[in-house]
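Structure first, then comments.
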Amino acid sequence: MQSATFRMICRVLIAPVMALSVQTARAGMIGADQVSLAAAAQTERNTVLNALGRPAVTGELQALGVDPQAARDRVAAMSDGELDALAGKMNSLPVGGEGLVVVLLIVLLIVVLLRRR
Amino acid sequence: MEKPIPEFAVLRGSARRTAGIFLLGAALGGCAPLVPQTISLRDAWPAGVPEQIELGAVPFFPQEDYQCGPAALATTLVESGVKVTPQDLVAQVYIPERQGSLQVEMLAAPRRYGIASYQLAPRLDDLLREVAAGNPVIVLQNNGFGPFPIWHYAVVIGYDYPRGELYLRSGEKPRLSVPFTVLEYTWKKSDYWAMVTLPPGRIPVTATESGYLRAIVAMDRVASDSAATAAYAAFLRRWPDNPTASIGLANRHYRRGALKEAEDVLRRAAERHPDSVVVLNNLAQTLSDEGRDREALALIERAAGLESPFTAQVRETRELILLRMGKDK
C-alpha cells in the first residue's frame, strides 16, 4: 500500500522530529536483544512467536488468578526464550511452593525403610 | 506447623550416618547411583573451594502458606542490596491457582529491581563455588516421590563437607542442616536447577560469557539505565571482545543522549569487529545524530555491502543519513 510518494512524505515529516528528539531517532539503533536473536539465526521466527506469545502468556497467568496488570508486568520481565518455554505449559511445569514438614517426613520414611533392611 | 519436629533433631544429629545409609543404598541398588555428584565429590573436591563455609549474615524470611518462592527470592535479593519483602514479591512470582512459583518467574522478577539473575549449570561443584564466593544459591527441590511431586525453593547459605551437611534457609527453618546426599537426591529431580541473583557489576563466579550475556540482555528489557549500564560495563571489563554487550552499553548511552559515550563504545567495538553490521549501523546512526553525516555515510555504505539479517534497518539508516545530508546543502 505504501507508494514511493507516501514514503517520501513520511520521511520529510520525520526528519524535523529526528532533529529535535534523540528518542525518536532510536528507531535507527539496533538493540542488543535483536543481536542475540539474530545470533540464533531465528530472528523472524522469534518475532512472530513473540507477538503471539506475550499476550498469550499474560492471559494464562490471569486465568490462574494473577491480577491483569501484574500479569503484564511479569511477562514484560521475561526474555523471548523464557516466553517460549512457558507458553501453553503453565499448568504442567513445576511450581515450587510446599513447605518443609512433608520433606522431613519423606526423608525419615526413606531412612527408616533403608534401616530395616 | 510451627512446633519443632522431634525427629528433625535426630536426623540432624545423624547427618553423617544418614549420608552413609544413602550411599549404601545407592551402592546396593546397583543401577544408576541416587546421588552421582555427591559420590564423585569424594574423589574430586573442587579446587580452591573451602571445605566449609556459612554465610551467616544472609537474611531469613519465614515462608507463609505456599509462598516459598517469594521467601527464597527475598532472601537473595535483600542480600544483593534490594529493599524488598516476600510480600512485595508475591504479586510478582506467586500463582494463586497453582499455589507456587514457576522457575521462569523466579528468574524474571529480580530484573525489575536491576538485579541480574543467573541460572547455574546443573552441577554441585558450581553450587559450592557460588556459596564459597559469598553468593547464596536458590535451589528447586522435589521433596515428593513418583507421581506426587512436592516442589520447593530453598536457599543454600553454607556447607560443612567434613560433617557432610549443607545449610539452607528453607520454609520456616532459618537454618536447616541437610546431608549432601539428601540435598542432591531432592535437587536432582529438578535437573539440578539453581540460580543466584547478583547486583550489576558482580558477576557470578561460575558464569560463562554466553550465559551471563543472556542474563543481562534479559535484564536490559526492564532495568533502569544505571543498572543496565553498570551490568554491561562490568561484562565488558571481563569479556572486552563481546560485540553484543558493546551494542547494549552503547544503546543505553544513546538513549539518555550521551552520544559521545555511545560513539566511544561503538568505535572500540568496530576496531575489534570491523564486519559487525549492527556495530557499523549503530555507529553510523550515532555519528549522524552528532551531525557528522559524511563519516556516518562511509560506515553505513560498508554495512550495506555486508551480508546480515539487518539489511532493512541498514537501508533505513542510510536513507536517513542521505536525507539529512541533502537538507544541509
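Chains as they are written, first to last, in the working numbering: chain A, 1 to 117; chain B, 118 to 446.
Where is the CB? At the ideal position from N, CA and C, for every residue including glycine.
Backbone CA spacing between residue i and residue j [nearest angstrom]
i                : j                : result
Glu171 (chain B) : Ala415 (chain B) : 58 Å
Gly231 (chain B) : Ile333 (chain B) : 10 Å
Trp356 (chain B) : Ile274 (chain B) : 29 Å
Glu380 (chain B) : Glu168 (chain B) : 48 Å
Ala345 (chain B) : Thr428 (chain B) : 27 Å
Gln209 (chain B) : Lys305 (chain B) : 26 Å
Gly96 (chain A)  : Phe265 (chain B) : 13 Å
Ile364 (chain B) : Pro291 (chain B) : 43 Å
Cys185 (chain B) : Tyr349 (chain B) : 31 Å
Leu404 (chain B) : Leu376 (chain B) : 8 Å
Ile110 (chain A) : Val299 (chain B) : 10 Å
Gln23 (chain A)  : Ala362 (chain B) : Interpretation of Gln23 (chain A) is limited by its pLDDT of 35, a score under 50 that renders its predicted location unreliable; the figure taken from the coordinates is listed afterwards. If you take the alpha carbons of Gln23 (chain A) and Ala362 (chain B), they lie about 21 Å apart.
Val35 (chain A)  : Asp80 (chain A)  : 13 Å
Ala351 (chain B) : Gly318 (chain B) : 5 Å
Ala347 (chain B) : Val112 (chain A) : 52 Å
Ala63 (chain A)  : Leu224 (chain B) : 21 Å
Ser425 (chain B) : Val394 (chain B) : 7 Å
Pro60 (chain B)  : Ala420 (chain B) : Nothing can be reported for residue 60 (chain B), as the shown portion of chain B is limited to 118 through 446.
Ser294 (chain B) : Phe178 (chain B) : 17 Å
Gly103 (chain B) : Glu378 (chain B) : There is no way to answer for residue 103 (chain B), as the model of chain B reaches only from 118 to 446.
Ala340 (chain B) : Glu222 (chain B) : 16 Å
Tyr276 (chain B) : Pro321 (chain B) : 18 Å
Leu437 (chain B) : His370 (chain B) : 21 Å
Leu439 (chain B) : Ile30 (chain A)  : 19 Å
Pro68 (chain A)  : Gln220 (chain B) : 20 Å
Arg215 (chain B) : Tyr183 (chain B) : 10 Å
Arg280 (chain B) : Ala56 (chain A)  : 49 Å
Ala32 (chain A)  : Trp162 (chain B) : 38 Å
Ile14 (chain A)  : Val396 (chain B) : Its pLDDT being 44, under 50, Ile14 (chain A) is placed unreliably by the model, and the measurement read from it follows with that caveat. For Ile14 (chain A) and Val396 (chain B), the distance between alpha carbons rounds to 24 Å.
Proximity below 8 Å, CB of residue i to CB of residue j
i                : j                : result
Lys383 (chain B) : Leu400 (chain B) : This sequence places Leu at residue 383 (chain B); Lys is not what is there. Yes, they are a contact pair.
Leu330 (chain B) : Asn368 (chain B) : no
Gln487 (chain B) : Glu289 (chain B) : The first residue shown for chain B is 118 and the last is 446, placing residue 487 (chain B) beyond what the model contains.
Leu245 (chain B) : Val166 (chain B) : yes
Tyr270 (chain B) : Ser343 (chain B) : no
Val254 (chain B) : Glu247 (chain B) : yes
Arg338 (chain B) : Ala76 (chain A)  : yes
Tyr302 (chain B) : Val207 (chain B) : no
Gly65 (chain A)  : Ile212 (chain B) : yes
Asp243 (chain B) : Thr155 (chain B) : no
Pro203 (chain B) : Pro187 (chain B) : yes
Arg74 (chain A)  : Leu93 (chain A)  : no
Leu285 (chain B) : Phe297 (chain B) : no
Ala189 (chain B) : Val272 (chain B) : yes
Residues that residue i bridges to, as DSSP identifies them
i                : result
Leu245 (chain B) : DSSP lists no partner for Leu245 (chain B).
Val313 (chain B) : B:Tyr235
Phe265 (chain B) : B:Phe262
Gln154 (chain B) : In DSSP, Gln154 (chain B) forms no bridge with anything.
Leu257 (chain B) : B:Tyr270
Ile212 (chain B) : B:Gly217
Arg286 (chain B) : B:Val272
Ser79 (chain A)  : Beta-bridge pairing links Ser79 (chain A) to no other residue.
Asp277 (chain B) : B:Gln169, B:Glu282
Gly96 (chain A)  : B:Ser218
Leu439 (chain B) : Leu439 (chain B) pairs with nothing; no bridge assigned.
Ser294 (chain B) : B:Tyr284
Same chain, Cβ closer than 6 Å to residue i, neighbours up to 5 away in sequence not counted
i                : result
Gly261 (chain B) : Ile267
Gly53 (chain A)  : Leu83, Ala87
Asn252 (chain B) : Val313
Leu353 (chain B) : Ala362
Glu98 (chain A)  : none
Tyr309 (chain B) : Pro239
7 Å Cβ shell around residue i - same chain, five flanking residues per side excluded
i                : result
Arg72 (chain A)  : Thr58
Thr434 (chain B) : Asn398, Ala401, Gln402, Ile417
Gly198 (chain B) : Pro316
Ala249 (chain B) : Val166, Pro167, Ile170
Ala413 (chain B) : Ala401, Leu404, Ser405, Ile438
Proximal residues to residue i (C-beta, below 8 Å), its chain only, five neighbours per side dropped
i                : result
Leu145 (chain B) : Since pLDDT at Leu145 (chain B) reaches only 46, below the 50 mark, its modelled position is unreliable, and no value is offered.
Glu388 (chain B) : none
Cβ-heavy atom distance, residue i to the ligand MG, below 7 Å
i                : result
Thr325 (chain B) : With respect to small molecules bound, the structure shown includes none, and the ligand MG cannot be examined in it.
- Message: Taking 8 Å as the cut-off, does the region 302 to 314 of chain B touch the region 185 to 197 of chain B (at least 3 CB pairs, one atom from each stretch)?
- Response: Result yes; three or more Cβ-Cβ pairs closer than 8 Å.
- Message: If contact is defined by three or more beta carbon pairs under 8 Å, each pair taking one atom from either stretch, is the region 87 to 94 of chain A in contact with the region 225 to 241 of chain B?
- Response: With the rule of 3 Cβ pairs closer than 8 Å, the region 225 to 241 of chain B does not count as touching the region 87 to 94 of chain A.
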